[in-house]
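When we follow the numbering used here, the leftmost residue of the sequence shown carries the number 7, and every step to the right adds one. First comes the structure, then the notes that go with it.
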Amino acid sequence: MTPHEHHMLTYVRVWMRYGGADDDIYVTFGLSPLEFYTRVDAILAANPIGAGLDDAQRRAMRSFCHVKYQQYRERHRDARLDTVDSPRRRNYREAESARPTPRTRP
Numbered sequence: 007m008t009p010h011e012h013h014m015l016t017y018v019r020v021w022m023r024y025g026g027a028d029d030d031i032y033v034t035f036g037l038s039p040l041e042f043y044t045r046v047d048a049i050l051a052a053n054p055i056g057a058g059l060d061d062a063q064r065r066a067m068r069s070f071c072h073v074k075y076q077q078y079r080e081r082h083r084d085a086r087l088d089t090v091d092s093p094r095r096r097n098y099r100e101a102e103s104a105r106p107t108p109r110t111r112p
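Laid out in structure tokens, this is it:
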């Protein structure tokens with residue numbers, strides 16, 4: 007396990023009892039929270055012994071990562087749906103299509 011991966015695991019272990027410190031993840035690791043929790047879960051899955059955690063800690067951290075991952079996936083999905091087909095956007099498209107087209111001179 008690299009020192010960077012060890013730092014990621016320590017960060018989750020320290021902050022998970024407070025609900026995480028998601029606002030600092032990008033500044034500290036250069037990753038979005040979604041990417042961060044995905045990587046931490048992969049580290050825990052790939053290195054169950056190398057992480058220096060007992061089984062209960064590892065399970066708790068993986069569970070925490072799964073919860074955070076789901077939260078961020080839902081936020082990204084909702085944000086994507088909001089920008090793609092929001093009611094406001096649909097109303098704008100309908101209003102644009104109902105407008106008469108300007109006449110052009112021959």
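Heads up, the beta-carbon is just placed ideally off N, CA and C, and yes, glycines get one too.
Cβ pair Pro39, Ile49 closer than 8 Å: Taking the sequence shown and counting its residues from 1, one reaches residue 39 at position 33. Taking the sequence shown and counting its residues from 1, one reaches residue 49 at position 43. Cβ atoms of Pro39 and Ile49: not closer than 8 Å.
Cβ shell of Asp27 (< 7 Å), same chain only, five flanking positions each side left out: If you number the sequence shown from 1, residue 27 lands on position 21. Reading the sequence as shown, one finds Ala at residue 27 and not Asp. Answer for Ala27: Trp21, listed in chain order.
For Val33, is the classification buried or exposed, using 16 other Cβ atoms within 10 angstroms of its Cβ as the cut-off for buried? The count along the sequence shown starts at 1 and reaches residue 33 at position 27. The residue is exposed, with fewer than 16 neighbouring Cβ atoms inside 10 Å.
Go ahead and pull the three-state DSSP assignment for Asp60. Position 54 of the sequence shown, counted from the first residue, corresponds to residue 60. It is coil, neither helix nor strand.
His13 to Phe35 span [Cα, whole Å]: As a first step, residue 13 is located in the sequence shown; it is residue number 7 there, counting from the start. As a first step, residue 35 is located in the sequence shown; it is residue number 29 there, counting from the start. Rounded to whole angstroms, His13 to Phe35 spans 9 Å at the Cα level.
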